[in-house]
Every structure is written in structure tokens, then in C-alpha cells.
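Residue numbers (the working numbering), protein chains in the order written: chain V, 1 to 226; chain D, 1001 to 1297.
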Ligand SMILES: Nc1ncnc2c1ncn2[C@@H]1O[C@H](COP(=O)(O)OP(=O)(O)OP(=O)(O)O)[C@@H](O)[C@H]1O
Ligand SMILES: [Mg+2]
């Protein structure tokens, strides 16, 4: 699904924030990503959701060598990736429902299905009473749930979540994690960057641990696959 | 479902951009000017056509009174000229206008005194042709048969008028072209400004898998809405201005201008101006967005 080989990333002329990153995520896997603040979790996710090109190294995504993918091919690949941005990245002038609908509308889904589907998922994350609220009128945790609903709405092949439970209490965090688990059971490959130790303990998955720009893969305590 | 489609908000909050109102009003102004220029072009080419039809098949012979000169009286010279004319090949009919008809013809220039028998009035002969006429030869024969006769074949001033009408026509179309060019530039700048203002949203849409065409459609919908609205206002103003002008020209008495009027199809052509403006704006917006986005990494 994803393969990194000796990938390095630097912003401008500064020293590399990611160094010699090599790992492979098999299709249908579920990983947490951990590391201190500033360790480079968001940067690594940005490489995965094709927001940045690496400064060096090889990235293979969905079997494609990313160095050879043209600009015109990117939208098709990106539509198969669901992203929960660390800062949510909701569009302020759109209602919760219209924000969640974006990926479906981009894919040209029928409008009636889109509305029904988005309503359902917003109910699921506990925002059934806020379908038409603008993000600015929602709390941080509510905005985060809208962002999560948007990332999973079109059942992506790859789901990348950057601190998806940073602004909610553990109860809601647990519920959101179950959403990702459900998606995972349907075959989606999931990577979740988080500081939340309780969640990591509750769900037994391997970690990608970042420390000072280097990556170490920590296997699950009870590995289900090799 | 139709309601949802109609109510579906744009992904880019373009409506609140400062350039939006500006684009609508500038379109109103441009459509107003373009419609007037186009109407002018149509009126002028209509006029030129009428001149052609009315005058091309005719000649006018004028015989001056020449008081005191040792020549035959005016009436005799008119008869002599008529004889020469009727014998000339290509001439269908030749009719002398009597003094009263000549006076009526000259009244707009000379006033009611044109009919004064004391005024030395020339006599006019109206000639209708039905084939090519040897104008220089006929002139020579006329001058020897009826001294003081001059032959006017309208060709010279008709050609002048035609050239003038052609120039006005071209100038009007040139103005329409220039207005179109200015409109294209306005849309280019407005769309570029929109892309710059909403850079982050565009980036986010791209990350979620939006194609450049998806982004450009947002801009296209936006500019079509604005230019249609502005264009309709401009068209209404232009129609009001034209209707007023045409009415005023018909009320002018003893008008030197021929009838000014637009046919129904010409009004319909004017109504197409806002549509053409919207179409042009849409193509420009698409082209601008695609070209700008293509240059992004
Ligand atoms: N756009 C950028 N330009 C320059 N430097 C950046 C940029 N984004 C991140 N960095 C730097 O890269 C390093 C890693 O940042 P990153 O956001 O990936 O950390 P993180 O692990 O996600 O941290 P957190 O847990 O606080 O979200 C930091 O030192 C940061 O200053
Ligand atoms: Mg981060």
C-alpha cells in the first residue's frame, strides 16, 4: 500500500526534519504514529497524502512510484486517501454537512445520496443537531468530528489522521476510534498520529514511532499479521 | 433534490470577494457600450443599403437658368435635353420636374421663398436607367444640345457615402472588439485575484482530490452569474437609450436623416450581447484558472 525507502524531507534550506525513513505498510494494516511534539509526525503524514514531495528517497503508493506520477494523475490518487488534518481544515463558509459532502461531490456522487449519507455519518459522530452549523459556531471537538466525518465519507483506501482525538474527551475519542476500526474492517489502511496513550493501549496496533526525524516500527503486543 | 442542487453552495467563497461587485458593474457598462456600438453599426449599414437601392438606378440632369446669356430660354433647353436623354442607350425614362416640384425639393434648404418666381431656379430632370450609360459621352451631347446642363450620376457622392458608412461600420465593430478585449482582461484579473485570495482553499480542495477542472467550474459558475446579471442591466440601459434616440430621430421634422429604426431581428441580436459576454467570461475564467493552476507544483 505504502512503501518508503530512505526518504528524507527538509523545509527550505533547514536541516532535514525526516531522515532515512524506510517502512512498508501492507494493505489493510492499522498503525498508530507516535513521537514527541515536533518529531515530524505531521510532516510524514503530509508526504503520505501527497501534500509534499520528498527531498530524497523513494515513495511508492498504491503500487505507483510517486516520482513518476504526473500532476494530472494526482487527483485520482488523492481521492482514495482520507485525511484528518491536524488543524481540521474545514471550509468556514460551508455548513458541517457541506464540508462533509465535499469528497462525494468531487467524485460526482448523486446529490440525494450525498445528503442522506452525510446526514447519517454526522449523526453517528454526534452532530445530528448541527448539520447546518458553520464551523466557526462549533466547538473544537465538534469541528474535529466534522473533519473526521469528512475523511471517512467516501470510504478511502487509505486513511491518515493527524491527532484526530486531540480535542475530545476519552469517551468520544473511543467512539471515533471505533469509526476508524470499522473502516479498517472494510479494508482501509489506517494510520493515526496520536499522543493519546489510553487509546494506544486500548487498541492493540503497531506503532510508527518518530524520534528526532528517524522512524522506528514498534510491533503490536499481539501481532495479528507479520 | 432539485432544491439541493440549486442551493448547493460554491466550495470557494467567491461571492464575498471585493472584485465580484466590480465585475458585475463593469460588465453592465461594457454590455451597454457594446450594444450601442452594435446598434450604430446596424443602423449605418441599413442606411447604406437604402441609399444604394434608392439612387443607384438613377441620374439627375440640372439645367441652369443662365440669365442674360445668349442662349435659348430654359424651357426649350429642357426639351432639347429630354430629346437627347430619351435617345441615349440605357435610359428608361426621363422626366422634367416642373418649377413647383423643384421648389418643393429645395424648400428644406431655401425656405418657403423657394417658390418665388423671381428666384432664378434651375430645372431638374429625373432620369431612370435600365442599363449601363456612357456618362462622359452623354454629358458632352447634353452640353451641346442644352448649354448650362450638368449631369449628376450620384456615383461620386454615393461612393463617398458608402465609404463613410463602411468606415463607421468598421469603427463600431472595432469598438465592440475592444470592449470584448477589455472584458477578457477584467475577468482574467478578477479570477487571478480570486485564486490568490483563496489559495489555501484551492490547495485544500486539491489535497482532497479536486481536479483543476473542478476548481475552474467554481470560478466559471461565479463569473457567469455575475456577468449575466451585469449584462442584463447594461442591456436594459442600452435598449432604453436606443429607443429614446430612435424616437427622437423620428420626431425631427424635415429630417436630413433617413428613417432610423431597428428591425425585430436586430433587437434580438442586441439581446444576445449579454449572453455573448457571459460565454466569453466563462471561457476566459476557465482558461485563466487552468493556466494558473498548471503552473503550480
Ligand atoms: N511548513 C514548514 N516549514 C518549515 N518548517 C516546518 C514546516 N512544518 C513543520 N516544520 C518543522 O518540522 C518539524 C516537524 O514538524 P511536524 O509538524 O511534522 O511535527 P509533529 O510531530 O506533527 O508535531 P506535533 O505533535 O506538535 O503536531 C518541526 O521542527 C517544525 O518546525
Ligand atoms: Mg503535527
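Idealized CB from N, CA, C, for every residue including glycine.
- What do you reckon, are the CB atoms on residue 1122 (chain D) and residue 1034 (chain D) nearer than 8 Å? no
- Query: How big is the Cα-Cα spacing for residue 1134 (chain D) and residue 1085 (chain D)?
  - Reply: Between residue 1134 (chain D) and residue 1085 (chain D), the C-alpha separation is close to 11 Å.
- Item | Near-chain V residues of the stretch 1203 to 1217 of chain D - C-beta to any C-beta below 7 Å | If the cut-off is 7 Å between Cβ atoms, the stretch 1203 to 1217 of chain D has 1204, 1207, 1208, 1209, 1210, 1211 and 1214 near chain V.
- Task: Using only alpha-carbon positions, find the residue among D:1131, D:1293 and D:1177 that is nearest to residue 1199 (chain D).
- Result: D:1293
- Message: Rounded to the nearest angstrom, what separates residue 64 (chain V) and residue 1014 (chain D) at their Cα positions?
- Response: 36 Å
- Query: What is the rounded straight-line gap between the Cα of residue 99 (chain V) and the Cα of residue 1279 (chain D)?
  - Reply: Each residue's Cα considered, the two are about 30 Å apart.
- Message: Going by DSSP, what residue range makes up the alpha helix (DSSP H) through residue 1138 (chain D)?
- Response: 1135 to 1145
- Is the Cβ of residue 1011 (chain D) closer than 8 Å to any Cβ of chain V? By this cut-off, residue 1011 (chain D) is an interface position.
- Query: Assuming residue 210 (chain V) and residue 39 (chain V) make a contact with CB atoms under 8 Å, what is their CB distance in whole Å?
  - Reply: 4 Å
- Message: Which runs of the alpha helix (DSSP H) at least 4 residues long sit entirely within the stretch 1181 to 1263 of chain D? Give them in chain order.
- Response: When DSSP assignments are scanned along the stretch 1181 to 1263 of chain D, the uninterrupted stretches of alpha helix (DSSP H) that are 4 or more residues long and fall wholly within it turn out to be 1199 to 1207 and 1212 to 1251.
- Query: Of all the CB atoms in chain D, is at least one closer than 8 Å to the CB of residue 177 (chain V)?
  - Reply: no
- Query: With respect to 7 Å, is the separation between the Cβ of residue 84 (chain V) and the closest non-hydrogen atom of ligand 1 below this value?
  - Reply: no
- Task: My understanding is that residue 244 (chain V) touches residue 145 (chain V), with C-beta atoms under 8 Å, so please give their C-beta distance in whole angstroms.
- Result: Nothing can be reported for residue 244 (chain V): it is not among the residues displayed for chain V, which extend from 1 to 226.
- For residue 78 (chain V), which residues in chain D fall below 9 Å Cβ to Cβ? 1206, 1207, 1208, 1209 and 1210
- Task: Can you give me the start and stop residues for the beta strand (DSSP E) that residue 4 (chain V) sits inside?
- Result: Per DSSP, residue 4 (chain V) belongs to the beta strand (DSSP E) from 2 to 9.
- Item | residue 243 (chain V) - containing alpha helix (DSSP H), residue span | With chain V represented from 1 up to 226, any question about residue 243 (chain V) goes unanswered, as that position is not in the structure.
- Query: If you drop the 5 nearest sequence neighbours on each side, which residues of the same chain put their C-beta closer than 8 Å to that of residue 16 (chain V)?
  - Reply: 8, 9, 10, 55 and 213
- Query: Is residue 116 (chain V) buried or exposed, if buried means 16 or more other CB atoms sit within 10 Å of its CB?
  - Reply: Exposed, because fewer than 16 other Cβ atoms sit within 10 Å of the Cβ of residue 116 (chain V).
- Message: Short of 9 Å Cβ to Cβ, which residues in the stretch 1170 to 1201 of chain D face chain V?
- Response: 1200 and 1201
- Contact test: residue 42 (chain V) Cβ vs ligand 2 heavy atom, cutoff 7 Å: With a cut-off of 7 Å, the C-beta of residue 42 (chain V) is classified as near ligand 2, since at least one heavy atom of the ligand falls inside that distance.
- Query: Can the beta-carbon of residue 231 (chain V) be found less than 8 Å from the beta-carbon of residue 23 (chain V)?
  - Reply: Given that chain V is displayed from residue 1 to residue 226, the structure contains no residue 231 (chain V) and the question cannot be resolved.
- Task: Indicate whether at least one CB of chain D lies closer than 8 Å to the CB of residue 219 (chain V).
- Result: no
- Task: Provide the residue span of the beta strand (DSSP E) that contains residue 19 (chain V), from first to last.
- Result: Taken as a continuous stretch (DSSP letters only), the beta strand (DSSP E) holding residue 19 (chain V) covers 18 to 25.
- The beta strand (DSSP E) enclosing residue 177 (chain V), as first and last residue numbers: First-last for residue 177 (chain V): 170 to 185, but that is the alpha helix (DSSP H), not the beta strand (DSSP E).
- Task: Using a Cβ cut-off of 8 Å, pull out every chain D residue sitting near residue 94 (chain V), in sequence order please.
- Result: What residue 94 (chain V) touches in chain D: 1009 and 1011.
- At which residue ranges does the stretch 64 to 99 of chain V contain complete beta strand (DSSP E) runs of 3 or more residues, listed in the order of the chain? 81 to 84
- Query: Run through DSSP, which three-state label would residue 1096 (chain D) get?
  - Reply: strand
- Is there at least one Cβ from chain D nearer than 8 Å to residue 152 (chain V)'s Cβ? no
- Task: Could you tell me which of V:33, V:76 and V:81 sits nearest to residue 152 (chain V), measuring between CA atoms?
- Result: V:81
- Message: I want to know whether the stretch 1177 to 1184 of chain D touches the stretch 1280 to 1289 of chain D - three or more CB-CB distances under 8 Å.
- Response: yes
- Of the residues D:1130, D:1235, D:1146 and D:1036, which one's Cα is nearest the Cα of residue 1062 (chain D)? D:1146
- Message: Measuring straight from C-alpha to C-alpha, what distance separates residue 1008 (chain D) and residue 1049 (chain D)?
- Response: 52 Å
- Query: Would you call the CB atoms of residue 67 (chain V) and residue 58 (chain V) closer than 8 Å?
  - Reply: yes
- Query: Taking 8 Å as the CB-CB cut-off, is residue 54 (chain V) touching chain D?
  - Reply: Residue 54 (chain V) has a beta carbon lying at 8 Å or more from every beta carbon in chain D.
- Query: If you run the structure through DSSP and keep just helix, strand and coil, what is residue 1026 (chain D)?
  - Reply: helix
- Query: Going straight from the alpha carbon of residue 1060 (chain D) to that of residue 1136 (chain D), what length do you get?
  - Reply: Pairing residue 1060 (chain D) with residue 1136 (chain D), the inter-Cα distance amounts to about 14 Å.
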